[in-house]
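Below is one structure, written out as structure tokens; comments come after it.
There are 2 protein chains.
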Amino acid sequence: MSASNIESKRPKKSVAPSAKRPKRNEKGWQAEKSAMTRSAILEATIQCLLELGYANTTTALIANNAGLSRGAMMHHFPSRMSVMRSVIDYLHGRRLQEYRDLMADIDDPKQSLSQDAFTKSVESAWRYVNLPSFFAYQELLTASRTDFELLKVIEPVEKDFEKQFLDTAKAVFPHWKNVARLEGAHDMVQFLMKGMALSHMTVRKTERTKHVKAYLTTILTDIYQEAKLTE
Amino acid sequence: MSASNIESKRPKKSVAPSAKRPKRNEKGWQAEKSAMTRSAILEATIQCLLELGYANTTTALIANNAGLSRGAMMHHFPSRMSVMRSVIDYLHGRRLQEYRDLMADIDDPKQSLSQDAFTKSVESAWRYVNLPSFFAYQELLTASRTDFELLKVIEPVEKDFEKQFLDTAKAVFPHWKNVARLEGAHDMVQFLMKGMALSHMTVRKTERTKHVKAYLTTILTDIYQEAKLTE
DNA sequence: GACAATAAACAAGCATGATGGTTTTATATG
DNA sequence: CATATAAAACCATCATGCTTGTTTATTGTC
């Protein structure tokens, strides 16, 4: 047996989740620490999903990445799938939050929607599909195509997500009254962004991206103008 | 973990690739049989990719699906990666061919491009991203994000594919002179179709799909009209 | 003492690549 | 033509390493 493993087998304590650590003599210290550990495991899992993909995200790697032993991890999550379940829920909320943050303050409550508002929303949508959480979730979604267990978990979440996602878009554009047109525009944006994000553009990526985004902005403006006529 | 396959362990001879089988006393029978076996292995691999995903596509399952022993398979392809290499090349050609077939006879050589031509091309693009070969390739592409070995194989192929893909689109629309606009339109179509194909639309899938396709058609018409002005 | 958190060791299963051996086909030679 | 020999195709089995989930042991907290 040679020391072939470059990485230390010992869990590294480095990954302390970015939060204050509780003092040991406080009330509820144990509970809080437990929550922090859980959170660290979820973050570590997401990291693994991003760097290694779903298939290679093993329980050992998650534990190591979170800075604890595999046994400790299995104490918090009794199986690999149970970790994934929690990660899916975690990403569900996080992605919605990130989307809302990105889309905040776009529609001017005082006036009708301007070209500028659409430019901003397209840019936000593009940023959104480039977030780590998007790729991590996408990894789970892709795996669920051929993993029935995972599909059972992610399907209802996905359904709820799609609804809340659309509702958020509606909330962002309160001036846009024609709901059917708004939904159509929402689909256009999301499908385009997703298609771009998941395409391996081998040449002139930035220009093409820019061009598509610019054109999409004009499309949105057109749809909105037309929608206003049929209010 | 994966769906427990209750299939027989014994290789099934059923998967004879859809071609005439050569007579055994002919000249070059062995070579031809070898080619058929290789082909059967590639088809079996694609089948596995579709049904089980890249991670669960094991050499044992491929061999079983192709109707021969693992040993025999390892004779033709010395490693799992070598199978994937060949599958990637195989899909490369096949997908281009399928796209060309779908896009054949769209541009009327006698007249300018009609609305009908764009409707047809959008429909073809949609069919294209719903072919098995698209999903099989997508499985490989997704895996390559976190599998460096695979990435090294698929990257140059992807690059060549993108080029030939675009060239095909150009060849399909010889009347479309403004190349920059054509490329932009091509991107719009491909990103949209890809985004739709890879989205798990949980509600009103057919209507939304139909609506996006219809709107995309009008977009293409607009882009083309504008492109004609700047010829 | 009861319980939570952690660590370490264990057993079973699976996927991979490699080995050794058998059958079938091709080819060279008298 | 007959046949010896090389080459290709094929099959069964094995050793290794990895992953999972379980179990056993240790430490610290209420």
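Sequence lines, in order, name chains A and B.
Per my numbering, the first sequence starts with residue -14, numbered consecutively.
Per my numbering, the second sequence starts with residue -14, numbered consecutively.
Note that CB positions come from ideal geometry on N, CA and C, so glycine has one too.
{"Query": "Can you tell me whether Q100 of chain A is buried or exposed? The criterion is at least 16 other CB atoms within 10 Å of its CB, across all chains shown.", "Result": "exposed"}
{"Query": "Taking G38 of chain A and A128 of chain B to be in contact with their CB atoms under 8 Å, please state how far apart those CB atoms are, rounded to whole angstroms.", "Result": "7 Å"}
{"Query": "For H60 of chain A, does the count of other Cβ atoms within 10 angstroms reach 16, so buried, or fall short, so exposed?", "Result": "exposed"}
{"Query": "If the cut is a Cβ gap below 7 Å, which residues of chain A does L116 of chain B touch?", "Result": "Per Cβ cutoff of 7 Å: no residues; L116 of chain B is ~15 Å from chain A at best."}
{"Query": "If you compare alpha carbons, which of A:P159, A:L136, A:D152 and A:L205 is closest to A170 of chain A?", "Result": "A:L205"}
{"Query": "Can you check the region 106 to 181 of chain B for any alpha helix (DSSP H) of at least 4 residues that lies completely inside it and give the ranges in chain order?", "Result": "117 to 129 and 133 to 157"}
{"Query": "Can you grab the Cα-Cα spacing for the pair L98 of chain B / H160 of chain B, in whole Å?", "Result": "7 Å"}
{"Query": "Compare the C-beta of R271 of chain A against all C-beta atoms of chain B and say whether one is closer than 7 Å.", "Result": "No answer is possible for residue 271 of chain A: it lies beyond the span of chain A, which begins at -14 and ends at 216."}
{"Query": "DSSP on D86 of chain A, reduced to helix/strand/coil?", "Result": "helix"}
{"Query": "Answer with yes or no whether the minimum CB distance from V197 of chain B to chain A is below 7 Å.", "Result": "yes"}
{"Query": "Determine whether the Cβ of F119 of chain B lies closer than 7 Å to any Cβ atom of chain A.", "Result": "no"}
{"Query": "Do the region 78 to 85 of chain A and the region 45 to 55 of chain A meet, that is, are 3 or more Cβ pairs less than 8 Å apart?", "Result": "no"}
{"Query": "To the nearest angstrom, how far is it from the Cα of Y200 of chain B to the Cα of V138 of chain A?", "Result": "34 Å"}
{"Query": "Quick check on this structure: which residue in A:E216, A:L34 and A:D93 has the alpha carbon closest to the alpha carbon of N163 of chain A?", "Result": "A:E216"}
{"Query": "Taking F158 of chain B as the reference, give the member of B:S64, B:A89 and B:A40 with the closest Cα.", "Result": "B:A89"}
{"Query": "Using a Cβ-Cβ cut-off of less than 9 Å, list which residues of the region 119 to 134 of chain A approach chain B; keep chain order.", "Result": "F120, Q123, E124, L126, T127, A128, S129, R130, T131, D132, F133 and E134"}
{"Query": "Using alpha carbons as the reference points, say which of B:A40, B:E36 and B:L46 lies closest to K26 of chain B.", "Result": "According to the sequence shown, residue 26 of chain B is Ile rather than Lys. Comparing Cα-Cα distances from I26 of chain B to each of B:A40, B:E36 and B:L46, the minimum goes to B:L46."}
{"Query": "Is it buried or exposed for T191 of chain B, if we count other Cβ within 10 angstroms and need 16 for buried?", "Result": "exposed"}
{"Query": "Using a Cβ-Cβ cut-off of less than 9 Å, give me the residues of the region 39 to 52 of chain B that come near chain A, in sequence order.", "Result": "Y39, A40 and N41"}
{"Query": "Chain A partners of T187 of chain B, CB-CB under 7 Å?", "Result": "E143, K144 and E147"}
{"Query": "Our contact map puts L87 of chain A next to R112 of chain A with C-beta atoms below 8 Å; I'd like the distance itself, whole angstroms only.", "Result": "6 Å"}
{"Query": "Verify whether the separation of the beta carbon atoms of A121 of chain A and L35 of chain A is less than 7 Å.", "Result": "yes"}
{"Query": "Hey, how far is the Cα of V114 of chain A from the Cα of Q175 of chain B?", "Result": "17 Å"}
{"Query": "Under 7 Å, do E83 of chain B and L116 of chain B count as touching if we go by C-beta distance?", "Result": "yes"}
{"Query": "What would DSSP say about Y39 of chain A, mapped onto helix, strand or coil?", "Result": "coil"}
{"Query": "Within a Cβ cutoff of 8 Å, which residues of the same chain sit near L125 of chain B, ignoring the five residues on either side of it in sequence?", "Result": "L34, Y39, M69, V72, I73, L76, L135 and I139"}
{"Query": "Going by DSSP, what residue range makes up the alpha helix (DSSP H) through H61 of chain B?", "Result": "R55 to H61"}
{"Query": "Looking at the unbroken alpha helix (DSSP H) that takes in V197 of chain B, where does it start and where does it end?", "Result": "K190 to L214"}
{"Query": "Along chain B, which residues have their Cβ under 7 Å away from the Cβ of L37 of chain A?", "Result": "T131"}
{"Query": "Which same chain residues end up closer than 8 Å to Y209 of chain B when comparing Cβ atoms and leaving out the 5 residues on each side of it in sequence?", "Result": "L98, F103, W161, R166 and A170"}
{"Query": "Helix, strand or coil for H77 of chain A? Go by DSSP, reduced to three states.", "Result": "helix"}
{"Query": "Please return the same chain residues whose Cβ sits closer than 7 Å to the Cβ of R65 of chain B, not counting the five positions on each side in sequence.", "Result": "T44"}
{"Query": "Would D172 of chain A pass as an interface residue toward chain B - the criterion being a Cβ-Cβ separation below 7 Å?", "Result": "yes"}
{"Query": "Check the Cβ of F204 of chain B against every Cβ in chain A and list those closer than 8 Å, keeping chain order.", "Result": "The sequence given here has Ile at residue 204 of chain B, not Phe. Near I204 of chain B (Cβ distances below 8 Å), the residues of chain A are I204."}
{"Query": "What do you get for S67 of chain A, buried or exposed, if any count of 16 or more other CB atoms within 10 angstroms of its CB means buried?", "Result": "exposed"}
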